[in-house]
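Visitor: Provided herewith is a single structure, encoded as structure tokens, for subsequent inquiry.
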Amino acid sequence: MNRVLRHLTPRTLRGRLSLVALTSAALLMTVLTVVFNTVTERHLRQQADDELLGRAAAVATTVDTTGAHVRVVETGHDDLLDTNTWIYAGHHLLEKPPSATPGNPLTAAAGRLAAREGRTCSTVRGERHRSVRLCSDLVTGGRTTATVVTALDLSPYRGSADTLLFGSLVLDAVMLVCTGALTHLMVGRALRPVHTMTDQATRVGAVGSARRFGTARQPAELARLGASLDALLDRVRAVLRHEQQLTAELSHELRTPLTRIVAELDWWRARPRSAAETHATHAVIAEAAHSMRTICDTLLDDARDSTRDPATAPGTADAGQVLRRLTASQDAARGVKIRVETRDTALTAGVTANILERIVSPLLANALRHADETVTVRARPAPGAIRIDVEDDGPGVPDAFTADLFQPGRRADPDDGHDGAGLGLSLARRLARTAGGDVEHDPGHTPGARFTVTLPAG
326 MNRVLRHLTP RTLRGRLSLV ALTSAALLMT VLTVVFNTVT ERHLRQQADD ELLGRAAAVA
386 TTVDTTGAHV RVVETGHDDL LDTNTWIYAG HHLLEKPPSA TPGNPLTAAA GRLAAREGRT
446 CSTVRGERHR SVRLCSDLVT GGRTTATVVT ALDLSPYRGS ADTLLFGSLV LDAVMLVCTG
506 ALTHLMVGRA LRPVHTMTDQ ATRVGAVGSA RRFGTARQPA ELARLGASLD ALLDRVRAVL
566 RHEQQLTAEL SHELRTPLTR IVAELDWWRA RPRSAAETHA THAVIAEAAH SMRTICDTLL
626 DDARDSTRDP ATAPGTADAG QVLRRLTASQ DAARGVKIRV ETRDTALTAG VTANILERIV
686 SPLLANALRH ADETVTVRAR PAPGAIRIDV EDDGPGVPDA FTADLFQPGR RADPDDGHDG
746 AGLGLSLARR LARTAGGDVE HDPGHTPGAR FTVTLPAG
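Following this line, the structure appears as structure tokens:
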């Protein structure tokens, strides 16, 4: 049974809503039809009773109960009054219709009503299975009493009731058809925005596009649905941007160690090498591979922990030790000298050594690329924090490019001859801010450029 019902249930929301509306309308019309016809039948029966009692009252005027015996007074309208009329004196039948026989069902029913000695009505089955209504009325006011019983064929009333029932059923059918059609049309119009939203989501790559479903000129429910979908798309788009940014940053950071590996392999294969040279090449490759693994672990851990509270960034590192190791691993470009200045007191940063390297490395690489002679890396304490300055004596940052300095993928001079992707500064700032710090450019420093890293103290 349940399988049959599931098979018959419409598969579309439009069909289901139309079915619910049609079923509700059918139930309501059924109740109204039953109530209407019941009330109509009672009203017609009341009309018949009023007519019968009126005739009984008219006949009662011809009955004399003042004497010792009940006497029927003859009048000029006896034929009209005698039609379907019985007069009883107690249980004794005085008058009956000319067509009524002693064994007639109507006469028997009239006798039973007269025996009740009061005003009452009853419906009986007459000849040819017709329904006949009988009413009795007691005649008093003299020394004796009499009972007048009148009868009325209900066929005209039944015909009127049947006509009304048939008409109401036809009207119900027409109303159901109209209700079904109008409901189907109105539900379709109400769901049209849903179809529009579905088509829009099908045609347009909404995740990659700035177009959204919107809430203007929509019903409240669909407006909330559109707002929820737009928020979901914004979150998905943010996740995709984050993944693209992570991929670009990994590519940017891995380029240097990969270049070192390729260069060492090319140098080693250029001619036969001694065992010592081969061992040195292996050491360089191993160190570069270890650096690549560290870069991957650092950036992936930062991506996984990007929702943490910056005030609780885990790990600490000796800033001076990290800076000396980092500068020692850099190849001085065009004879540029790297100078590291730290205070005698230990400077502990509130980030891991790997994070600190990833923050300072892009700044140091930029300084080496643009410096004329010297790059200075200076670490100093600050209230609740440490600051690391990376300075060079090069041409500095063009004023027109200052606003876009930390934008991912932006470079001051795309034709300067190096293969950078413009991601280093944005990565350094993002990692610093994730740890509760920041990376800033000092536009007033001359000559050259100065970038200051601020990190919480460990």
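Counting from 1, position 236 in the sequence shown corresponds to residue 561 in our numbering; the numbering is continuous, with no gaps.
Yeah, the Cβ is synthetic: ideal placement off N, Cα and C, and Gly gets one too.
Are the CB atoms of LEU516 and ARG339 within a distance shorter than 8 Å?
Guide: In contact: ARG339 and LEU516 (Cβ atoms closer than 8 Å).
Visitor: Would you kindly check if the distance between the Cβ of LEU438 and the Cβ of SER456 is under 8 Å?
Guide: No, these two residues do not count as a Cβ contact at 8 Å.
Visitor: Which residue or residues does DSSP assign as beta-bridge partners of PHE776?
Guide: Answer by DSSP bridge pairing, in chain order: VAL715 and HIS766.
Visitor: Would the segment 375-394 count as touching the segment 467-482 if we require 3 or more Cβ pairs under 8 Å?
Guide: Counting Cβ pairs under 8 Å, three or more are found: they touch.
Visitor: Taking GLY761 and PRO733 to be in contact with their CB atoms under 8 Å, please state how far apart those CB atoms are, rounded to whole angstroms.
Guide: Not a contact, Cβ separation roughly 21 Å.
Visitor: Taking Cβ positions, are LEU431 and ALA425 nearer each other than 8 Å?
Guide: Yes. Within cutoff.
Visitor: From what residue to what residue does the alpha helix (DSSP H) around LEU648 run?
Guide: First-last of the alpha helix (DSSP H) with LEU648: 644-653.
Visitor: Quick one: which unbroken beta strand (DSSP E) runs of 3-plus residues sit fully inside the segment 392-449? Chain order, please.
Guide: Segments of the beta strand (DSSP E) lying fully in the segment 392-449: 410-414 and 417-420.
Visitor: Please name the residue, chosen from ALA506, THR777, VAL398 and LEU378, that lies closest to PRO706 on a Cα-to-Cα basis.
Guide: Measuring from the Cα of PRO706, the nearest candidate turns out to be THR777.
Visitor: Report buried or exposed for LEU590, applying the criterion of at least 16 other Cβ atoms within 10 angstroms of its Cβ.
Guide: Under this definition LEU590 is an exposed residue.
Visitor: May I ask you to report which of helix, strand or coil DSSP gives ALA373?
Guide: Looking at ALA373 - three-state DSSP - the assignment turns out to be helix.
Visitor: Shortest alpha-carbon distance to ARG775 belongs to which of LEU752, LEU756, THR727 and THR759?
Guide: Of the listed residues, the one whose Cα sits closest to ARG775 is THR727.
Visitor: Can you pull the DSSP bridge partners for ALA728?
Guide: Looking at the DSSP assignment, ALA728 forms no beta bridge with any residue, so it has no partner.
Visitor: If you compare alpha carbons, which of ASP767, ARG712, LEU378 and GLY428 is closest to LEU648?
Guide: That would be ARG712, whose Cα lies nearest to the Cα of LEU648.
Visitor: Suppose you measure from the CA of ALA381 to the CA of VAL473; what does that come to, to the nearest Å?
Guide: Distance between the alpha carbons of ALA381 and VAL473 is about 6 Å.
Visitor: Tell me where the alpha helix (DSSP H) around SER751 begins and ends.
Guide: That run of the alpha helix (DSSP H) goes 749-759.
Visitor: Quick check: the Cα distance between ALA638 and GLY551, rounded to an integer number of angstroms?
Guide: Caution is warranted here: a pLDDT of 47 is assigned to ALA638, below 50, making its placement in the model unreliable, and the coordinate value is therefore given only provisionally. Going by the C-alpha atoms only, they are around 37 Å apart.
Visitor: GLU682 by DSSP, collapsed to three states: which one?
Guide: Note: GLU682 maps to helix in three-state DSSP.
Visitor: In whole angstroms, what separates the C-alpha of GLY749 from that of LEU688?
Guide: Near 7 Å, if we compare the C-alpha coordinates of LEU688 and GLY749.
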